[in-house]
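Colleague: The structure follows.
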């Protein structure tokens with residue numbers, strides 16, 4: 001039994017050593033909120049997400065002092081959840097590519113989730129999707145500066161829409 | 172006199188009023204301590220689960236938690252009784268404790284609830300404390316059910332080779348399309364970003380701290396599906412609202428703690444099981460694992476409890492999605508697909524616009540998926556791919572119909588359908604005209620000839636394998652082979668997917684030479700090359716690799732030889748139950764014992780049942796010829 005453990009350990013050690021190049025850091029230590037103890041890590045291939053989030057959050061509306069410098073996190077409460085006021089922006093920033101693709105396709109789970117976060121009632125989602133597809137080019141052009149600008153442009157388009165404007169959208 | 176007496180009485184009664192308040196709580200504490208002692212609560216399984224106590228080989232207890240802030244007694248890590256007493260005592264205090272800096276009733280809310288149930292707490296005799304942070308957190312999680320998430324094994328990152336598991340907290344009102352908004356409970360080691368070669372050692376021997384975190388599921392989906400191209404399996408668990416509440420209270424509590432992270436045993440899958448045990452203490456999960464915890468094994472374990480896994484859903488990897496969609500493109504339209512990915516302006520030309528609308532949208536969507544995949548994997552040309560993708564999407568948005576859902580079938584069955592990971596075999600064989608009996612045992616996990624279902628296709632990880640033989644004529648027992656590591660990953664190349672195939676093998680085997688007949692030979696072999704896939708019979712993968720090898724053995728002059736060469740082969744599924752593997756190679760040794768070596772091997776495996784197979788192998792190696800027939804069982 002002890003020998004087997006030893007084999008396993010040596011074996012694993014060896015395996016790690018050889019392919020160590022691929023291991024810049026633990027992949028499960030990605031950006032996100034911790035529980036009590038928080039970490040927005042960054043690792044190879046994930047830096048883009050980290051910087052998108054930074055982009056989305058540093059320009060922004062974070063006045064809350066209970067997070068940030070001391071915990072090293074942005075957008076999260078000390079207890080690992082995302083501030084209600086920033087949910088749409090954080091989601092849009094992290095999923096920008098998926099949302100933009102699904103807007104052009106007129107459907108998709110990221111677009112549906114965005115609609116849900118924006119407070120668009122489920123029975124108006126199809127109308128919202130059709131609007132996003134119709135105005136795709138202008139909305140995405142607006143978003144060249146930052147994902148946050150896309151969110152703003154989408155809110156603007158909702159306000160100007162005869163049906164969607166009637167719904168009470170959470171901003 | 173009367174007045175003085177009155178004054179005295181008044182003063183005394185105020186004093187005694189103050190004293191009573193303290194006395195009440197301290198007497199109540201004494202009562203509770205006595206009752207806990209009488210009920211021997213520190214021996215209770217639930218207390219051990221909450222504190223993560225494990226019995227050591229001397230019969231004492233020690234907690235797997237390594238964070239001093241998790242214990243309210245200085246000796247709490249090794250003394251369940253002292254910890255229970257300190258916990259009860261701290262419940263009467265306003266002091267902020269733990270990493271999360273809350274009063275003990277809130278920081279250790281699962282302990283509070285359990286002890287309250289066991290000792291029938293009279294809340295009026297406690298200091299009144301509310302756990303607003305916990306309540307807000309719980310409200311934000313909005314839990315309705317729990318789903319276990321399993322991203323499949325990922326060969327190109329050692330820490331992900333066996334897969335990963337974590338929990339998703341499904342929200343009330345969540346739909347199939349909004350479940351990415353749910354939070355997850357994830358356990359992972361915290362590794363500094365600029366880590367070097369010490370990573371392997373520290374990762375295996377507890378050199379890093381592991382924490383629970385509650386990352387939104389959309390980030391995890393992006394990480395596994397989009398970036399690492401791993402299939403994701405989702406298993407909804409049958410837990411009652413009370414069980415979910417217990418699980419979440421304990422998760423909250425674990426925000427106060429870290430564990431030393433051990434890659435093989437106390438890893439993600441292990442600690443996720445520990446949460447499920449707190450949800451339902453009838454469940455015995457973590458004590459089923461002694462030396463290592465393979466995530467897929469933990470899923471099979473959950474299936475052993477009838478009705479516990481309620482339904483399974485599949486979320487295809489980015490690459491799986493691409494492959495399946497490409498299969499659906501008619502040959503006559505392959506040209507357009509190719510054009511769209513190189514020059515998207517074709518989407519505005521008549522030829523393309525004459526296709527049925529549904530075909531146009533399908534091709535545009537697939538082109539966009541492909542361009543996004545390329546922009547993630549080919550960083551140098553990422554800008555170019557992004558520009559093309561943007562152009563494709565603009566064309567797509569002008570066809571104002573939503574894309575219909577495209578069901579993607581996985582290339583491998585879900586992991587719980589796979590064979591168990593430990594393996595044992597008995598067999599018989601002939602080596603250079605001599606009969607031998609053979610037994611073998613393997614700790615983990617899967618090789619190319621093991622049954623495919625449930626495992627990442629074309630990959631092999633074997634750790635800790637041993638085979639023993641008894642040679643008849645000379646009546647000799649010997650350790651024939653010992654494998655420490657034998658890992659191989661084949662990535663079939665085509666016009667869309669270009670990736671290396673590679674292998675590494677480290678261990679000891681038995682060779683024949685001029686000086687000795689059965690000589691132990693230590694070997695290290697590494698190789699890299701490419702693979703292609705065909706579908707002539709059912710599915711075949713051909714591979715070719717350049718390789719380097721070093722041997723240490725008494726069989727060689729100067730006791731060693733080092734060389735390089737080439738090897739190749741084919742692995743072929745003939746039917747669902749029958750698979751062949753044929754390989755050959757040439758190695759020239761130019762350091763140490765100068766020699767060369769031609770190897771040929773042909774093997775087949777027949778599956779009788781998920782955990783029972785028959786395998787034969789013929790091997791020619793230098794001047795050895797051997798035929799082996801083995802029955803393998805997985806357990």
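Residue numbers (our numbering), protein chains in the order written: chain V, 1 to 171; chain Y, 172 to 806.
Every residue, glycine too, gets a C-beta built ideally from N, C-alpha and C.
Mapping the DSSP letters down to three states, classify residue 291 of chain Y as helix, strand or coil.
Modeller: Three-state DSSP puts residue 291 of chain Y in coil, outside helix and strand.
Colleague: Please identify the residue among Y:592, Y:690, Y:560, Y:299 whose C-alpha is closest to the C-alpha of residue 725 of chain Y.
Modeller: For residue 725 of chain Y, the nearest C-alpha among the options comes from Y:690.
Colleague: Which whole-angstrom value is the C-beta distance of residue 322 of chain Y and residue 401 of chain Y, which I expect to be below 8 angstroms?
Modeller: Between residue 401 of chain Y and residue 322 of chain Y the Cβ distance is about 5 angstroms, and since that is below 8 angstroms, they are a contact.
Colleague: Counting along the chain, where does the beta strand (DSSP E) carrying residue 675 of chain Y start and finish?
Modeller: Residue 675 of chain Y -> beta strand (DSSP E) spans 672-682.
Colleague: Our contact map puts residue 276 of chain Y next to residue 283 of chain Y with C-beta atoms below 8 angstroms; I'd like the distance itself, whole angstroms only.
Modeller: With 8 angstroms as the limit, residue 276 of chain Y and residue 283 of chain Y qualify as a contact, their Cβ atoms being about 5 angstroms apart.
Colleague: Look at residue 355 of chain Y and residue 388 of chain Y and say whether their C-beta atoms are less than 8 angstroms apart.
Modeller: A contact, by the Cβ cut-off of 8 angstroms.
Colleague: Compute the distance between the beta-carbons of residue 628 of chain Y and residue 583 of chain Y, then report whether it is under 8 angstroms.
Modeller: Yes.
Colleague: Along chain Y, in chain order, which residues have C-beta atoms closer than 9 angstroms to that of residue 79 of chain V?
Modeller: Result: 271, 304, 305, 307, 308, 311, 385, 423, 426.
Colleague: Using a Cβ-Cβ cutoff of less than 7 angstroms, which residues in the same chain neighbour residue 167 of chain V once the five nearest sequence positions on both sides are dropped?
Modeller: Excluding residues within five positions, the ones whose Cβ falls inside 7 angstroms are 120, 121, 124.
Colleague: Does the Cβ of residue 364 of chain Y lie closer than 7 angstroms to at least one heavy atom of the ligand NAD?
Modeller: By its list of ligands, the structure shown contains no ligand whatsoever, and the ligand NAD lies outside what it can speak to.
Colleague: Using three-state DSSP, classify residue 550 of chain Y as helix, strand or coil.
Modeller: Helix.
Colleague: Does the Cβ-Cβ distance between residue 232 of chain Y and residue 226 of chain Y come in under 8 angstroms?
Modeller: The answer is yes: Cβ separation under 8 angstroms.
Colleague: So residue 414 of chain Y packs on residue 325 of chain Y, CB below 8 angstroms; how close in whole Å?
Modeller: Actually they are not in contact, since the Cβ atoms of residue 414 of chain Y and residue 325 of chain Y sit about 31 angstroms apart, beyond 8 angstroms.
Colleague: Output needed in chain order: residues of the segment 565-596 of chain Y with a Cβ under 8 angstroms from some Cβ in chain V.
Modeller: Answer set for the segment 565-596 of chain Y: 565, 567, 568, 571, 572, 573, 574.
Colleague: Could you check the C-alpha separation between residue 55 of chain V and residue 695 of chain Y for me, to the nearest Å?
Modeller: Because residue 55 of chain V carries a pLDDT of 33, less than 50, the predicted location of this residue cannot be relied on, and no value is offered for it.
Colleague: Which chain V residues sit within Cβ distance under 8 angstroms of residue 349 of chain Y?
Modeller: 109, 112, 113, 116, listed in chain order.
Colleague: Less than 6 angstroms between C-beta atoms, sequence neighbours within five positions excluded: which residues of the same chain meet that for residue 258 of chain Y?
Modeller: Answer for residue 258 of chain Y: 243, 282, listed in chain order.
Colleague: At the 8 angstroms Cβ level, is residue 543 of chain Y part of the contact set with chain V, yes or no?
Modeller: It does; some Cβ of chain V falls within 8 angstroms.
Colleague: Once DSSP output is grouped into helix, strand and coil, what is the label at residue 567 of chain Y?
Modeller: It is helical.
Colleague: Is it right to say residue 603 of chain Y is buried, meaning 16 or more other beta carbons lie within 10 angstroms of its own, or is it exposed?
Modeller: Exposed is the call here.
Colleague: If the cut is a Cβ gap below 8 angstroms, which residues of chain V does residue 415 of chain Y touch?
Modeller: What residue 415 of chain Y touches in chain V: nothing, since even the nearest Cβ is about 16 angstroms away.
Colleague: Can you pull out the residues from the segment 92-106 of chain V whose beta carbon lies closer than 9 angstroms to at least one beta carbon of chain Y?
Modeller: Within the segment 92-106 of chain V, the residues whose Cβ lies closer than 9 angstroms to some Cβ of chain Y are 94, 95, 97, 98, 100, 101, 102, 103, 104, 105, 106, listed in chain order.
Colleague: Can we say the segment 296-313 of chain Y touches the segment 357-375 of chain Y, given the rule of at least three CB pairs closer than 8 angstroms?
Modeller: Verdict: no, contact absent.
Colleague: Alpha carbon to alpha carbon, how far is residue 775 of chain Y from residue 790 of chain Y? Give it in angstroms, no decimals.
Modeller: Taking the straight line joining both Cα atoms gives about 12 angstroms.
Colleague: Measuring CA to CA, which of Y:562, Y:404, Y:730, Y:618 is closest to residue 687 of chain Y?
Modeller: Residue Y:730 is the option with its Cα nearest to residue 687 of chain Y.
Colleague: Cβ closer than 7 angstroms: which chain Y residues qualify as neighbours of residue 188 of chain V?
Modeller: For chain V, the structure presents residues 1 to 171; residue 188 of chain V sits outside this window and is missing.
Colleague: Looking at the unbroken alpha helix (DSSP H) that takes in residue 439 of chain Y, where does it start and where does it end?
Modeller: Where residue 439 of chain Y is concerned, the enclosing alpha helix (DSSP H) stretches over 439-450.
Colleague: Please determine, among Y:620, Y:713, Y:334, the residue with the shortest C-alpha to C-alpha distance to residue 778 of chain Y.
Modeller: Selected option, being the one with the closest Cα: Y:620.
Colleague: Please return the same chain residues whose Cβ sits closer than 6 angstroms to the Cβ of residue 625 of chain Y, not counting the five positions on each side in sequence.
Modeller: Excluding sequence neighbours, residue 625 of chain Y sits near 584, 586, 588, 589.
Colleague: Chain Y partners of residue 137 of chain V, CB-CB under 8 angstroms?
Modeller: Near residue 137 of chain V (Cβ distances below 8 angstroms), the residues of chain Y are 565, 568.
Colleague: Does residue 128 of chain V get closer than 8 angstroms to chain Y when you measure Cβ to Cβ?
Modeller: It does not: the Cβ of residue 128 of chain V has no partner Cβ on chain Y nearer than 8 angstroms.
Colleague: From residue 20 of chain V to residue 211 of chain Y, what does the alpha carbon distance come to, in whole angstroms?
Modeller: The predicted model places residue 20 of chain V with a pLDDT of 25, which falls under 50 and marks its position as unreliable, so this point remains unresolved.
Colleague: Quick one: give me the first and last residue of the alpha helix (DSSP H) that residue 491 of chain Y is part of.
Modeller: Note, residue 491 of chain Y: alpha helix (DSSP H), 489-498.
Colleague: Of the residues Y:672, Y:683, Y:352, Y:451, which one's Cα is nearest the Cα of residue 116 of chain V?
Modeller: Nearest of Y:672, Y:683, Y:352, Y:451 to residue 116 of chain V, Cα basis: Y:352.
Colleague: Under 8 angstroms by Cβ, that's how I've got residue 535 of chain Y and residue 560 of chain Y pegged, so tell me the actual separation to the nearest angstrom.
Modeller: Wrong, their Cβ atoms sit about 10 angstroms apart, outside the cutoff.
Colleague: How far does the alpha helix (DSSP H) with residue 125 of chain V in it reach, from first residue to last?
Modeller: It spans 125-134 - the alpha helix (DSSP H) in which residue 125 of chain V sits, taken as one unbroken run.
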